[in-house]
Each structure stands twice: as structure tokens, then as C-alpha cells.
Amino acid sequence: MADVQANQETYTVPSPMPSPVMPFLMDVSFNWEPITSEFFEAIKELKLGELLHDDLFGLFEAMSAIEMMDPKMDAGMLCNRGREHYAYSKAIELKILKWEEVSLKEQIGIMDTTWSCVVTWLDGHSLAQTVFTNLYLHKPHRLGDRSLKAFCVAIYKLIDLIKDFVARGLVFEEEDFQPMVYGYRLNPDVPEVRSIAMLKEVEDELNRKKRQLVDEPELEQDLNAVIARIRFIKLMLQAFFGLSKKDINPNSVAECTKLLSLCSDLIPVLISSSSRSCPPHYVSEIHGPVMVGFDPLVNQRLLPPTFPRYTHIKTPSEAYKRLDELFGRIRQVSKVCSLTSFHAALELMLEVSSSKPCIVSRSIMQLLFLPQCSRAGDTINFIDAIRDAARTFISPPVLMPRSGLLSNPQAKEYLECFLGHCVRPFSNLIQLCGHNRARQREKLAHLLEDFANLQDEAERVDAFLHSLSKKCENARPHLACFGTWVLYHTLRVMIMFLLSGFELELYSTHEYHYIFWYLYEFLYGWLISSLSRADSFLTEQENLNDANRKQRRNKSKTKKKVRPYAREIMLNQALQNMCGGYYKAMVAFKKDRKIPLPHPEFDCEQVRYDHRFAPFINVLLTPPPVQYNEFREMTTALEQSDSRDLYNTGCKHFHQARSILETIHNPDQEVNDLLRIAKTNFIVLKLLGTGHKHDSNSPPDFDFSLHHHFPIIKI
Amino acid sequence: MSISEGQLNTTENHSQIPGSFGKMKLQSWLNKSLKVDMSDGRVLIGSFLCTDRDANLILGSCTEYINPKVCGFNEEPRILGLVMVPGRHIVSIHLDNSQGISNDDTLAKKTMDAT
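Same order as they appear, the protein sequences are chains A and B. So the first sequence is numbered by full-length UniProt numbering: it starts at 1 and just counts up by one. So the second sequence is numbered by full-length UniProt numbering: it starts at 1 and just counts up by one.
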């Protein structure tokens, strides 16, 4: 403690910004001449709407001006100032801010409000408008109250850790996170261990105090509330420290998740005891209740003039619930480091990503998968991971142990080169899972370019190895092994790209038919065939292994035939059928004029089609992109048929999907949801097929509440 | 003041009614520093860029000053950048007619000297 106090003067937070005086104003004296009446006289000559300006200045520039005296834009307006804002030291002087003997109830209030601010910051607001509205955080080391001081220092540490996660995770965008610290020094020179020890000391001290209490139930409950809060931040800090270590291993991650579980256990206590806090200092019209020690406008002048004026700070109970959710997500993403296979990790990350996690859990997920986070430095490990991934996917003969193919130096070189080229697209795919959902779409489009090149190379490597393997004895053909593997991923990226349009609500209903058509007619079909191919390759290899084993050990072991991709194939078949059902239903809706169409004068389906499939059309060779004229050729025949027939065939598709989904063993939540969607749509289309509501022109409704991508049709 | 004369000439060509005196006056003030007192006691200093019939004023590179006599407290000036002041909030306007002090002018002179 002594070293901390000795240095306390050096912890002062520097004045966050130099005083904003324009340089040329400083040494210049003006000679002001009043022109008010002249000016108001002169403008009378202007016509209504006429602007007087220089050649270089136009209406466009004028649009970006901030409007003075508009309470939403003008931060300097009196109503936005309210009252004078005291700097920390002045507030102490005037005894507005207590810095010693802060009562327990006030401490509860300050801690709870600080958490509210932290959670609001994590929602993408600026630190200046959230956490640093807490005046105690401006100079935590000057605080005389030990528990509040330990808490404030720990908050600094936590913010610093979170910022570090996000900065190293490299998956944030400006809409996710505000890294600006406005000149506050986040890292007061207290080592991490010391910060935790401070909390520990305070916890012990408070516990001692509690034991000395005699028959003071109110005070005891307040003490319990403060102790719980200190304990909570201590556990959280320990967990985050653990996760931030550079040399992280599954054991230490397990330790951290245990700590986070303990944090989660404390949440109900914190929520129930937050009612013990002192009442707010005052209630502001704009900012709502303001806790003692907080000033929502203290940093107003640090913000750019056009900054959003007010930040809605969450309530403490909401904040604690959000923290609980965060701990849950971190526990989920931390499973990623116990996964050894690339595909399993990718699946987990895709699954996590579809639940739209927050930036902290997304960043931690990235860091846990690639702990060094220098993605280049980790290339060697990553090549091994990719080699394993390709081997488990389709077991290419060249990657099998004792493969004769590798004795050929050229084959070896080609293989290494190909695997090296795999690193970037695949690590991009991993990184993409960390980005927010809207950004994922644009990144998927770029990723397709990389995969197109990779596909080309994979096919050439396959061809070379195949020609080589023909010369070898007793070798399996090497036809399209890597090709199939890359194709599988390309198709998944394509499907993700198209489906993300539904999730982001980019498509109009009149566009649905060709999106579903593309998915139904091509992507899912190709995906299934690539999986079946991999399946048969693996079985072939398995048989070969068995044969070898039998030869060597002469021991017959009847192994159960497993088709490793059976489940994935079935799921994709179901999805293909559902897309078919949607497609046919959409065509029928169009025929029945149930879908509002854009005005024909402004509509060109081809332009829309080309735009929607642009990333496929411009870059891909394999799988071949389907052009608009091909789409027209293939679909005109179907569009001639009667709408009732279309409903009925769509209905059959959903029926098919349903029966496939029902045969999947151990259905997870997604399969169950899809099953419900398929069943409902089956009934709806069946009704429509009988001519129900045939005459009504009211458009059908597409309800995406059950699944991001596959809607329930409602009529 | 050669620059502002030049401006006057060029803008004259563009103005629709060349004889209009008020407009010429406004044109001559363009890009000069104005000091605008606002109804809430703040003072804005920036270069005059644009106006219209309702005296809505656009000032570039604008700085906001607090008049402590009116507002009751003092603060450092603040840079606002491009600002539109609605005409109804303007209390008074002052023009800076001190000669040759604007950075642009001195810069222009220096470059002229150099060549």
C-alpha cells in the first residue's frame, strides 16, 4: 500500500485535451467593426431560398454545418450545460464529493451505477459519457475510502483488460466499440496482483467489521451487499486476467470459466441488494436519476461538437443481467480452446456467431483460438491444423501416413505450397466468425475471391497427384480430394452469404424466389454431393485401413459402418427441400398477384439478380455461377404451371423436409425449430393448394422469429 | 487587400443583379472573420461563408467563446468547425477589418515575395 500512496501524485489524470484555441487567434488582435444593421439591411435583397456564398461553397457543404441553438446538435447550449461542472479537486474542496467515509449505501449506489456505465460502454458508447462520468474514477488514488478505492482501481484494470481483448481480437468495427479514452490514463501503475490483493484486503476488513456487529441487521445487510460487490469484481478481475494471459492453455481457461461461474452465482445477490443503495443525488430531466459522485456532463467538452448528446445509462439490475449473459457467452466461447480439430472449432464459432454475441466474447473467442494473435507467427501451427482438417474431411491419400506420393519432391512441394495458400482464406474464415453479422456479409463476399483462387490450385494439385498415384501400386486415386474439400467450404460461404441477406433484411419479398431457387437448385445440391463424395472417400480409406490391418494382424474385427457425414447430409437435404418449397410458393404467390412488385418502370429483375449474386458471378469458376438468362430459361417452364399445382409441389417439399428432419437422431434446438417451420409451412401451402384465400390479394407474411433464415409463411 | 478586390471582381461576374449594392457588400464580406453574438450570450468567431434572406449564417472554422458577464461562468473557448447560426438567434454581428492579419493574406504575401 505504501508504494501506491507514495506515488499517488503521479497518478493524476492529465487534462484530457489541450485547450482548443485556434493558433491564428492567439496572437492576433481584431479590429471589430459593428455591421449588424448593415448586414440585416443587405440580406433583404436576397430572394426566398437564395444563398449568398462563394464559388467554392455550396449547399452540400452547408448541410454538414452544426446548427447552433438546436438542443440536439449544440452541446454548448445552456440547457446542455445545466450547471457548472466541477473538476474532481474542486468538488472535494467544496465538499460536494466525499472522499473519505463514504457511507455503505452510497458505496452500493456508486458501484452499481459504475457497472451500469461499464455495460453501456460495452454497448458501443464512449467512455467519456459512461464510465468516466464517475468522478471517483478521475483520481482513484486520492480516494480515502479503501473499499471504493480498491473498486475504482479494479474498474480501471477491467476496462484496460477489455480494451486489450478487443484490440488484440481485431474483430471490432466502429459500431461495436469505442476505444477512445479521451486522455484518461487507463493503467494506473498498480500491478495486477496488487489490485486483486487490495480487493482481498478490503474484503477481509469488511468481514471483520461484520463480525464485530451486534444486533444491527440493517447495517449487516448493507455490509453484506458491499462485500458481495467487492467479491464479484475480484472474481471477475481474476477471470479476465487469466484469459488475457499470452500463454494460455485449456487448464487455465477452465480455471477462468470456473471463476466466471462464481461471478454468475453472485449476480442474484447483487440484483436483490441493489435496492439497498442510497437514493439518487438528483433526478435530471434528460439524464434520469444521477447517483452521488456522478456527473453525466463532466466530460461534455471532451467530445466532438457533433457527438450524440445523451447516453442512456442502463439500470443496475439490467446491467448485472447483461454481465451474467456476458459470462455465459465467455464460458461458451472458451470451449473453443479444448477443441482440437479445425472443423469442430469452426462449427462452434459459427454457432456462437449466429447468436449475435457481444464484442468482448467475440474478441475472446478469437484470442482463445489463435492465442498468439500474431496470425502470421502462428502460421506453422495453422498449417498443421489445416492439414488435419483436410485429412479428417476426406483423407486425401497424400496426407495419409506412409504415403508413397510424398517421396516425389515435386509432389511434396506442391502440397506444402497449397497448404500454405490455405492459411489465409481459412484464418480469414475463422476471423470472420468474430465480426458482427452485418460486416460478415461483406467479408464473405471478399472471402469468395480467395476461395476461388484456392479452388483452382486445389484442382491442379489434385490432378498432379492423381497422375502420380496412377503410377504407384496399390494407391487410391487422388481425384478431386482437395478440390472437394475446398469446394465444400466455398459452397458453405456462398450459402452463408445468401442466407445472411435474410437475416439482415436486405431482400424484398419479390426477390425471394430467385434466392431460394439458387439455394435449392444449386448450392445445397452441390454441397450434398461434395459431402457424399467425402463420405465415400472416407469409407474407402477406412476399408483400406481395415484391409491393411487384417493383413498385418490377421485379426478380423467387424466394425460398424459409420457414415461420418450422414447427419450433415440429411440436414442439408432437408434445407434444400425447404428452399424448394419456398421457391415454389413464391412463384405461386407471384402468379396470384399476392406479392407487391416494384413499379415496372423502375424495375429490372436482371439488375437485381446480378446485384444479389454479384460476388458469385464476378469471381467464381467452380462452382460455375448461374447467370440471369440461365435462370430465366430454367424457370419459365415452371412459371407457366397453375399456382395450385405449385402450392402442392411446394407442400410436398416441406413434407419431404419434415420427414428427413424427423429421422435425425438427437435433434438439437435448430433441428427442432426447422421441423416446426417445415410443419407449419406444409399446412399453409396445403391450404393454399386447396384454393384457400385464392381471391385475396393481401400479401403473405414471412415470420423470421423462429429462425434467422427460414421463415414461417403466414397468410 | 488585393485578394479581396479580386474576389469582388469575380463575384461580380457571377451575381445575377450586378448593380445590387447590398449583395455586393455581402460578397465583399465573404471569407472574412465575423464575430456573432448569440441570444444566449455566447460569442462565435469564424469566417463568413454563406447567408440567406433570413440571416441564417454559416461560419467556417468557428470558435465558441463564453461571455462570463452573461453566462455567469467562464470556460475556455471551444472549436466548433462549420456552424450554422439561425438568424433569429443573432444579436449582433461584427466584421474584422484589421488589415493583413489573416493567415491567408500573410501567406499569400510571403509566396508573392518568394516568387
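Even glycine gets a Cβ: it sits at the ideal position worked out from N, Cα and C.
- Take the alpha-carbon of K98 (chain A) and the one of Y65 (chain B): they are about 32 angstroms apart.
- In this structure, M349 (chain A) places its C-beta atom within 8 angstroms of the C-beta atom of C433 (chain A).
- DSSP places C62 (chain B) in the uninterrupted beta strand (DSSP E) bounded by 57 to 66.
- Listed by position along chain A, the residues whose Cβ is nearer than 7 angstroms to that of V85 (chain B) are M68.
- Bounds of the beta strand (DSSP E) holding V43 (chain B) are 42 to 51.
- For the stretch 395 to 479 of chain A, the continuous alpha helix (DSSP H) assignments of 4+ residues that do not extend past its boundaries occur at 409 to 434, 437 to 471, in sequence order.
- Under the 8 angstroms criterion on CB atoms, N97 (chain B) is classed as interfacial with respect to chain A.
- Here N56 (chain B) has M84, V85, P86, G87 as same chain residues with Cβ atoms under 8 angstroms from its own Cβ, once five neighbours each way along the sequence are excluded.
- In the three-state DSSP reduction, G87 (chain B) falls in the helix class (H, G or I).
- In this structure the stretch 538 to 552 of chain A does not touch the stretch 608 to 625 of chain A; the number of beta carbon pairs closer than 8 angstroms is below three.
- Counting only the Cα atoms, H709 (chain A) lies some 24 angstroms from P624 (chain A).
- Beta-carbon to beta-carbon, S195 (chain A) and K157 (chain A) are separated by about 5 angstroms, close enough to satisfy the 8 angstroms threshold.
- Neighbours of N31 (chain B) in chain A, taken as residues at a C-beta separation under 7 angstroms, are given in chain order as D54.
- In this structure, the alpha-carbon of L406 (chain A) lies about 18 angstroms from that of Q541 (chain A).
- If you draw a straight line from the Cα of L52 (chain A) to the Cα of H89 (chain B), it comes to about 19 angstroms.
- For D37 (chain B), the enclosing beta strand (DSSP E) begins and ends at 33 to 38.
- The beta carbons of L675 (chain A) and E662 (chain A) sit about 7 angstroms from each other, so the pair counts as a contact at 8 angstroms.
- S20 (chain B) belongs to the set of residues whose beta carbon lies under 8 angstroms from a beta carbon in chain A.
- DSSP, read as helix, strand or coil, puts V181 (chain A) in coil.
- Setting aside the 5 residues that flank it on each side, P396 (chain A) is surrounded in the same chain by A390, H478, C481, F482, each with a C-beta closer than 7 angstroms to its C-beta; the list follows chain order.
- When DSSP reads this structure, H94 (chain B) sits in a beta bridge with A:P34, B:K35.
- Our two residues, D642 (chain A) and V486 (chain A), have alpha carbons roughly 41 angstroms apart in a direct line.
- Assignment of beta-bridge partners to P289 (chain A) by DSSP yields A:V283.
- Partner residues in the beta bridge of E67 (chain A), as assigned by DSSP, are B:M84.
- K594 (chain A) is positioned such that its CB atom lies closer than 8 angstroms to that of P700 (chain A).
- Residues F342 of the same chain have their beta carbon placed closer than 7 angstroms to that of A385 (chain A), with the five preceding and five following residues left out of the count.
- DSSP lists B:T51 as the bridge partner or partners of L52 (chain A).
- Per DSSP, the unbroken beta strand (DSSP E) holding I713 (chain A) starts and ends at 712 to 714.
- Within chain B, no C-beta atom comes less than 7 angstroms from the C-beta of N299 (chain A); the nearest is roughly 13 angstroms away.
- If you look at F241 (chain A), you'll find it in the alpha helix (DSSP H) that goes 217 to 244.
- Checking the DSSP bridge columns, you'll see F702 (chain A) partnered with A:I713.
- Judged by their CB atoms, S532 (chain A) and L491 (chain A) are not nearer to each other than the 8 angstroms cut-off.
- Here the alpha carbon of S536 (chain A) sits roughly 21 angstroms from the alpha carbon of F464 (chain A).
- Residue-level contact by beta carbon fails for S28 (chain B) and chain A, as no gap is shorter than 8 angstroms.
- Within the same chain, and ignoring the five residues on either side of P280 (chain A) in sequence, the residues whose Cβ sits closer than 6 angstroms to its Cβ are P289, V290, M291.
- A Cβ-Cβ distance of about 55 angstroms is found for the pair G58 (chain A) and C278 (chain A), leaving them out of contact under the 8 angstroms criterion.
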